[in-house]
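Trainee: Read in order, the letters of the sequence shown correspond to residues 6 to 262 in the working numbering.
No residue lacks a Cβ here, since even glycine has one placed at the ideal position from N, Cα and C.
Computed from a prediction, not measured in an experiment: that's the story for all the values here.
Handing you a structure now.
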Amino acid sequence: MLDGKVLKEFLDEKVVQYNNRSFIDTDPIQIPHQFSVKEDIEIAGFLVATLAWGQRKTIINKGKKLMELMGNSPYDFILNHSESDIEKLSDFTHRTFNGIDCQFYIKSLHNIYTNHSGLETIFTLNQSNTQMHESIVNFRTIFFEIEHWIRTRKHLADPSTGAAAKRMHMFLRWMVRHDKNGVDFGLWKNIPMSKLSCPLDVHTGNVARSLGLIDRRQDDIKTVNLLDKKLREFDSDDPVKYDFALFGLGVHEEFRL
Numbered sequence: 006m007l008d009g010k011v012l013k014e015f016l017d018e019k020v021v022q023y024n025n026r027s028f029i030d031t032d033p034i035q036i037p038h039q040f041s042v043k044e045d046i047e048i049a050g051f052l053v054a055t056l057a058w059g060q061r062k063t064i065i066n067k068g069k070k071l072m073e074l075m076g077n078s079p080y081d082f083i084l085n086h087s088e089s090d091i092e093k094l095s096d097f098t099h100r101t102f103n104g105i106d107c108q109f110y111i112k113s114l115h116n117i118y119t120n121h122s123g124l125e126t127i128f129t130l131n132q133s134n135t136q137m138h139e140s141i142v143n144f145r146t147i148f149f150e151i152e153h154w155i156r157t158r159k160h161l162a163d164p165s166t167g168a169a170a171k172r173m174h175m176f177l178r179w180m181v182r183h184d185k186n187g188v189d190f191g192l193w194k195n196i197p198m199s200k201l202s203c204p205l206d207v208h209t210g211n212v213a214r215s216l217g218l219i220d221r222r223q224d225d226i227k228t229v230n231l232l233d234k235k236l237r238e239f240d241s242d243d244p245v246k247y248d249f250a251l252f253g254l255g256v257h258e259e260f261r262l
């Protein structure tokens, strides 16, 4: 196991290696990068983050397909879709996310943008002092306040039940985190980067365990909290930048100590 100073230097080097524009070319974040309007970016980001499990190539292709079904104008589609527009989504699938789920997501986002002032407002108003877990829980309540099929609830993780909520934390990184490198968008200015959590999946989890950052085997909210604590020791202002290092080491280098 590397000592703290050496480990921080190693991870900082890996952040530099992976946190750059070339990262976008192979990552689902390329889908919201197709847009320039704030609402288009955040809606595309939220929907693509929802699809972000499985092979990244497939996620990207499915994200592009969904944007095409929305006329490549996601904000306009959310606000002004017709029933026939919604019907076009009935055959959309990605793994267990099907047409019923997709149609509900569009209707719920319509409710959010017409009755709750949009995604940013909900997350900004409901943030806690140190993390975004509570904000995700509150967002989930609003997201499912309109009529829905119970099966759709499984696609939006609930940290209050112990879920790591990897996809939601990834979406928040995209929207909140900002630097000069241009991978993350930094669109939401009223949520500090210091509150962001590393999106915990099999890649980041295995690398973090191999490096001795965490020792719990479960990829759950308790492990997210442990990883948060460690990464904030390295950079209290921007701890989630180390997602680039952990993910890059796992996916591109198949890292093991």
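Pull up the DSSP beta-bridge partners for residue 99, would you.
Mentor: As a first step, residue 99 is located in the sequence shown; it is residue number 94 there, counting from the start. DSSP, once it has assigned bridges, lists 102 as partnering residue 99.
Trainee: Under 9 Å between the Cβ atoms of residue 202 and residue 132?
Mentor: The count along the sequence shown starts at 1 and reaches residue 202 at position 197. The count along the sequence shown starts at 1 and reaches residue 132 at position 127. Residue 132 is positioned such that its CB atom lies no closer than 9 Å to that of residue 202.
Trainee: Pull up the CB-CB distance for residue 147 and residue 196, whole angstroms please, since I reckon it's below 8 Å.
Mentor: Taking the sequence shown and counting its residues from 1, one reaches residue 147 at position 142. Taking the sequence shown and counting its residues from 1, one reaches residue 196 at position 191. That belief does not hold up - the Cβ atoms of residue 147 and residue 196 are roughly 16 Å apart, past 8 Å.
Trainee: Can you tell me where the alpha helix (DSSP H) holding residue 197 begins and where it ends?
Mentor: The residue you call residue 197 lines up with position 192 of the sequence shown. That residue, residue 197, is in no alpha helix (DSSP H); it is neither H nor E in DSSP.
Trainee: Rounded to whole angstroms, what is the Cα-Cα separation between residue 53 and residue 173?
Mentor: For this step, residue 53 is matched to residue 48 along the sequence shown. For this step, residue 173 is matched to residue 168 along the sequence shown. So the alpha carbons of these two residues sit roughly 11 Å apart.
Trainee: With a CB to CB cut of under 7 Å and the five nearest residues on each side skipped, what residues in its chain are close to residue 22?
Mentor: As a working note, residue 22 is residue 17 in the sequence shown. Only 253 meet the Cβ criterion.
Trainee: Where does residue 179 land, buried or exposed, given buried means 16+ other C-beta within 10 angstroms?
Mentor: Working through the sequence shown from its first residue, we reach residue 179 at position 174. By the 10 Å Cβ count, residue 179 comes out buried.
Trainee: Assess contact between the stretch 73 to 91 and the stretch 198 to 214, defined as three or more Cβ pairs (one per stretch) separated by less than 8 Å. Is contact present?
Mentor: no
Trainee: Does residue 225 come out as helix, strand or coil in the three-state DSSP assignment?
Mentor: Sequence index remark: in the sequence shown, residue 225 carries index 220 (1-based). Assigned with DSSP and collapsed to three states, residue 225 falls in strand.
Trainee: Consult DSSP for residue 213 and reduce its assignment to one of helix, strand or coil.
Mentor: Indexing the sequence shown from 1 puts residue 213 at position 208. In this structure, residue 213 counts as helix in the three-state DSSP scheme.
Trainee: Can you tell me whether DSSP reads residue 170 as helix, strand or coil?
Mentor: Here residue 170 is taken as the residue at index 165 of the sequence shown, counted from 1. Coil.
Trainee: Threshold first: 4 residues or longer. Then list the alpha helix (DSSP H) segments lying entirely within the stretch 65 to 130, N to C.
Mentor: 79 to 85, 88 to 92, 104 to 120 and 124 to 130
Trainee: Where does the unbroken alpha helix (DSSP H) through residue 140 begin, and where does it stop?
Mentor: Residue 140 sits at position 135 when you count from the first residue of the sequence shown. Taken as a continuous stretch (DSSP letters only), the alpha helix (DSSP H) holding residue 140 covers 138 to 148.
Trainee: Grouping DSSP H, G and I as helix and E and B as strand, with all else coil, what is residue 156?
Mentor: Mapped onto the sequence shown, residue 156 falls at position 151. Correct three-state label for residue 156: helix.
Trainee: Determine whether the beta carbon atoms of residue 110 and residue 55 lie at a separation below 9 Å.
Mentor: Position 105 of the sequence shown, counting from 1, holds the residue named residue 110. Position 50 of the sequence shown, counting from 1, holds the residue named residue 55. Yes; because the gap between Cβ atoms is below 9 Å, this pair is in contact.
Trainee: Would you report the Cα separation of residue 199 and residue 11, rounded to the nearest angstrom?
Mentor: Within the sequence shown, numbered from 1, the residue matching residue 199 stands at position 194. Within the sequence shown, numbered from 1, the residue matching residue 11 stands at position 6. Straight-line spacing of the CA atoms in residue 199 and residue 11 works out to 22 Å.
Trainee: Kindly list the residues whose CB is nearer than 7 Å to the CB of residue 139, restricted to its own chain and excluding five residues on each side of it in sequence; keep chain order.
Mentor: On the sequence shown, position 134 is the one that residue 139 refers to. Excluding residues within five positions, the ones whose Cβ falls inside 7 Å are 131 and 133.
Trainee: Using 8 Å as the Cβ pair cut-off and three pairs as the minimum, do the stretch 101 to 108 and the stretch 152 to 161 touch?
Mentor: yes
Trainee: Whole angstroms is fine: what's the gap from residue 185's alpha carbon to residue 89's?
Mentor: Reading the sequence shown from its first residue, position 180 is the one you call residue 185. Reading the sequence shown from its first residue, position 84 is the one you call residue 89. In a straight line, the C-alpha of residue 185 is about 42 Å away from that of residue 89.
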